[in-house]
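In the numbering used here, the protein residues as written are 3 to 127. Heads up, the beta-carbon is just placed ideally off N, CA and C, and yes, glycines get one too. Data block below; observations after.
Here is the structure:
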């Protein structure tokens, strides 16, 4: 039987780079197998993305992985509110789903700032 929390291989794997040259925006990296907090975060996000969190070829996994392993906000995942966790995850999911690493402007996505400030820095909105 397969471990339900283990990432599954997919022939259509999307290779998310670990950094985006010239932008400074972080992207997905390989998860740490000893990271217990990852299971807790995955459980808290399961109602949004379900088993897609286990498939390393999906933007859902990339957003989850970013939150657990890369997020520069370094939030205490044991005390972060569900609302804040979901907001950061969904905003990161938008970034990875739309291949944000190729955007001409990063719009402050994937920064340590509150997600409400992840916007078009040129317009001030």
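Per DSSP, what kind of secondary structure is residue i in: helix, strand or coil?
i: residue 53; result: helix
i: residue 111; result: coil
i: residue 120; result: coil
i: residue 42; result: helix
i: residue 36; result: Low per-residue confidence applies at residue 36: pLDDT is 45, beneath 50, and the placement is therefore not dependable enough to give any value.
i: residue 47; result: helix
Taking the alpha helix (DSSP H) that residue i falls in, what are its first and last residues?
i: residue 96; result: 84-99
i: residue 61; result: 61-67
When you compare the CB positions of residue i and residue j, do they come within less than 8 Å of one another, or not?
i: residue 74; j: residue 98; result: no
i: residue 88; j: residue 58; result: no
i: residue 94; j: residue 68; result: yes
Closest to residue i by CA distance: which of the options is it?
i: residue 80; options: 56, 103, 45; result: 45
i: residue 77; options: 96, 104, 113; result: 113
i: residue 86; options: 56, 115, 52; result: 115
i: residue 100; options: 65, 84, 48; result: 65
i: residue 92; options: 120, 104, 71; result: 120
With 8 Å set as the bound, which would you pick, yes or no: does the beta-carbon of residue i sit closer than that to a beta-carbon of chain C?
i: residue 39; result: In the structure shown, chain C does not exist; there is a single protein chain.
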